[in-house]
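Novice: According to this note's numbering, the sequence shown is numbered sequentially starting from 2.
Heads up, the beta-carbon is just placed ideally off N, CA and C, and yes, glycines get one too.
Remember, it's a predicted structure, so these values are computed and weren't measured experimentally.
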Amino acid sequence: MAGRRIIWVTSVRFDVMPDKSTWLETARELCGRGFRVDIVTGWKRERYYPDSSPVRMVYLRALDLPLIYRLTILLNAYFWILRHGSRNDIVIMNQDELWLAPLLWISGRT
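1. Nearest to Leu25 by alpha carbon, out of His85, Val59, Val92, Ser54?
2. Helix, strand or coil for Ser12? Go by DSSP, reduced to three states.
3. Quick check on the DSSP output: the beta strand (DSSP E) that includes Tyr60 runs from which residue to which?
4. Following the continuous beta strand (DSSP E) through Gly43, name the residue where it begins and the one where it ends.
5. Please determine, among Gly86, Gly43, Trp44, Leu72, the residue with the shortest C-alpha to C-alpha distance to Trp100.
6. Can you tell which of Thr27, Met18, Tyr70, Ser87 has its C-alpha closest to the C-alpha of Arg48?
7. Take Lys21 as the anchor and find which of Trp44, Ala63, Asp65 has the nearest alpha-carbon.
8. Anyone know if the C-beta pair for Val41 and Ala78 falls short of 7 Å?
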């Protein structure tokens with residue numbers, strides 16, 4: 002299990018997310034258990050990078066329009082996983098983003 006990577010995808014803009022500390026604490030705990038954690042997300046004002054954290058933040062661009070934002074950030078996350086992910090990676094996403102799961106399965110990423 003040591004060295005496996007967790008790709009944690011969210012369509013919520015991380016810099017304005019009210020519970021980002023919970024995400025970061027959970028990700029740090031996973032890193033402490035031997036996982037590498039990438040949080041794949043978007044931003045609104047500026048990219049947020051936690052100080053001295055083992056968590057890798059991956060920020061993707063998206064069109065900042067209602068409804069279009071969520072679709073473009075998740076499609077960009079899908080293509081990012083295709084380019085940078087592997088079969089051994091664990092992908093975590095929110096329930097409203099689960100439509101990505103069949104696409105990842107078809108492409109051999111899960």
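Specialist: To lay it out plainly:
1. Position 24 of the sequence shown, counted from the start, is the residue given in the question as residue 25. Looking at the Cα atoms, Ser54 is the closest of the given residues.
2. Mapped onto the sequence shown, residue 12 falls at position 11. Note: Ser12 maps to strand in three-state DSSP.
3. Sequence index remark: in the sequence shown, residue 60 carries index 59 (1-based). Per DSSP, the unbroken beta strand (DSSP E) holding Tyr60 starts and ends at 57-60.
4. Here residue 43 is taken as the residue at index 42 of the sequence shown, counted from 1. It spans 37-43 - the beta strand (DSSP E) in which Gly43 sits, taken as one unbroken run.
5. Counted from its first residue, the sequence shown places residue 100 at position 99. Residue Leu72 holds the alpha-carbon nearest to the alpha-carbon of Trp100 among Gly86, Gly43, Trp44, Leu72.
6. Within the sequence shown, residue 48 is the residue found at index 47, counting from 1. For Arg48, the nearest C-alpha among the options comes from Met18.
7. Residue 21 sits at position 20 when you count from the first residue of the sequence shown. Nearest C-alpha to Lys21: Trp44.
8. Looking up residue 41 in the sequence shown gives position 40. Looking up residue 78 in the sequence shown gives position 77. In terms of Cβ geometry, Val41 and Ala78 form a close pair [threshold 7 Å].
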